[in-house]
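Heads up: the structure comes next, in structure tokens.
Numbering (UniProt numbering), first residue to last: 1 to 506.
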């Protein structure tokens, strides 16, 4: 049988396709929940209508996204039993614990309060209704933590023992699983990246409207919020990424070496900017490098050596071949190398666009244009020193800001591809090879059939998602009604509308 069509390979492709697709919705859900809660808080505190219109606009996009995320996320659990039954049997006692907490605490917590938020606009007092969206935001973050704790255990298994008689891993310290340094570092890095996605999403859509001179007050506020979010989260991504990289080096040295296409042990070790390697011969044919930088990223100094792919592979053979006999412990080097660069590259561009936008939209420029024209709402990003418009710069930034909407999503996706494929050939690092985790009774045809069906289904859902988002993005923020501006003062609504049925208030 051709290895490219082996059930294990097909199962990995299916899991990769469905997981990356699902993860497109996750960071946007996490960040938009908090950003919408912040906008609604501003409305409650100031009673300024622009914040309420922004809350309703971004809230609707958030609901579309979270609905699609729930639908695509359900399949992830099914796949463990469908294609990875040996994995489920071996680590179910451990992996199932954080997933159960995620479902029973975070997901139900999140689902309950999102229902109250959706239908409670005309039934709950203003501050109580505000509390429901903050509960949703907390729920999304809790949900992310439990999922990331489960994934971190696969990267660095702790708090368990192997029951040789039962042939499975058993949980011995759940608290250790939840609080190990891998889980904490990965959580902060992932949450920071999620807010980078949300900030860019807000900036891109606000730029779309401002470029057309539409909904200026709401979109200018949204633009500034998005830009601030990008800059702050970008700094957090860089700091948490540095910490996570050092942990990765300690726990998975092969992943670090693969990320840099570092074939031979070097000290000081260079950071690769561009490389074309020969995997079979174990060296780079072309390499452009920054001397010593990889040593700094791994050790906080520019001199210590970093083990290369070849030496690390030999060390892993000596350590594990008697038990697993895998023979080769290298991941897919090109995917690890380029995935790491796509992650950093698209993320860095997003942060740069946020920083430039924050400078261009500083108060000095807004005031200069307002005084020149006598208008309070002018959709301009920049003016010259003489107070004249700079249309070239303005138009360029609007368009680029709109395109940047997708950049953090690309960075997030490649980050997860690198994280998971860089761990190979392990599904649980050092404990369970991927080849031993696949369902033994699932045939090539069965996996291929399900992969095609799910891929086509997800493609159809993508069309639905894009059309829904495009429809409501183009429509812009809703106009407010008297009911919107006069929220209930008690649970159940005001006396005049106490008999009105609950409604989807958007």
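Even for Gly, the Cβ is constructed at its ideal location relative to N, Cα and C.
In angstroms, rounded to a whole number, what distance separates the CA positions of residue i and residue j?
i: residue 275; j: residue 343; result: 16 Å
i: residue 46; j: residue 52; result: 10 Å
i: residue 77; j: residue 12; result: 15 Å
i: residue 311; j: residue 162; result: 29 Å
i: residue 283; j: residue 261; result: 8 Å
i: residue 116; j: residue 471; result: 25 Å
i: residue 336; j: residue 74; result: 28 Å
i: residue 157; j: residue 420; result: 15 Å
i: residue 459; j: residue 466; result: 11 Å
i: residue 30; j: residue 322; result: 44 Å
i: residue 102; j: residue 67; result: 17 Å
i: residue 445; j: residue 7; result: 8 Å
i: residue 462; j: residue 317; result: 43 Å
i: residue 324; j: residue 474; result: 56 Å
i: residue 254; j: residue 338; result: 15 Å
i: residue 98; j: residue 160; result: 14 Å
Considering only residues of the same chain and omitting the five flanking positions on each side of residue i, which have a CB-CB separation below 6 Å?
i: residue 32; result: 62, 198
i: residue 240; result: 188, 189, 192
i: residue 249; result: 256, 298
i: residue 437; result: 84, 86, 87, 427
i: residue 50; result: 217, 218, 221
i: residue 93; result: 170, 171
i: residue 507; result: Residue 507 lies beyond the residue range present for the chain, which begins at 1 and ends at 506; the question has no answer from this structure.
By Cβ distance, which residues of its chain are closer than 7 Å to residue i, with the 5 residues on each side in sequence left out?
i: residue 289; result: 270, 271, 272, 273
i: residue 175; result: none
i: residue 278; result: 285
i: residue 308; result: 257, 262, 263, 264, 265, 266
i: residue 448; result: 10
i: residue 215; result: 209, 476, 477
i: residue 244; result: 185, 186, 189
Rounded C-beta distance between residue i and residue j? I'm assuming under 8 Å.
i: residue 297; j: residue 242; result: 7 Å
i: residue 247; j: residue 185; result: 5 Å
i: residue 113; j: residue 69; result: That pair is no contact at about 16 Å.
i: residue 354; j: residue 227; result: 5 Å
i: residue 95; j: residue 432; result: Not a contact, Cβ separation roughly 11 Å.
i: residue 149; j: residue 183; result: 4 Å
Say the cut is 8 Å; is the CB of residue i nearer than that to a heavy atom of the ligand MG?
i: residue 440; result: Here there are no bound small molecules, and the ligand MG is not part of this structure.
Is it buried or exposed, residue i, if we count other Cβ atoms within 10 angstroms and call 16 or more buried?
i: residue 177; result: buried
i: residue 233; result: buried
i: residue 373; result: Bear in mind that the predicted position of residue 373 carries a pLDDT of just 42, short of 50, making it unreliable; the figure below should be weighed with that in mind. Result: exposed.
i: residue 169; result: buried
i: residue 295; result: buried
i: residue 110; result: buried
i: residue 164; result: exposed
i: residue 464; result: exposed
i: residue 122; result: buried
i: residue 303; result: exposed
i: residue 166; result: exposed
i: residue 479; result: exposed
Taking C-beta to C-beta, are residue i and residue j nearer than 9 Å?
i: residue 207; j: residue 398; result: yes
i: residue 128; j: residue 452; result: no
i: residue 105; j: residue 146; result: yes
i: residue 326; j: residue 435; result: yes
i: residue 130; j: residue 41; result: yes
i: residue 349; j: residue 418; result: no
i: residue 225; j: residue 357; result: no
i: residue 347; j: residue 196; result: yes
i: residue 144; j: residue 412; result: no
i: residue 332; j: residue 424; result: yes
i: residue 36; j: residue 100; result: no
i: residue 155; j: residue 429; result: yes
i: residue 211; j: residue 57; result: no
i: residue 340; j: residue 259; result: yes
i: residue 409; j: residue 203; result: no
i: residue 439; j: residue 82; result: yes
To which residues of the same chain is residue i closer than 8 Å at the C-beta, ignoring the five residues directly before and after it?
i: residue 55; result: 36, 39, 40, 43
i: residue 20; result: 413, 416, 417
i: residue 454; result: 14, 17, 18, 75
i: residue 305; result: 265, 266, 267, 268, 269, 295
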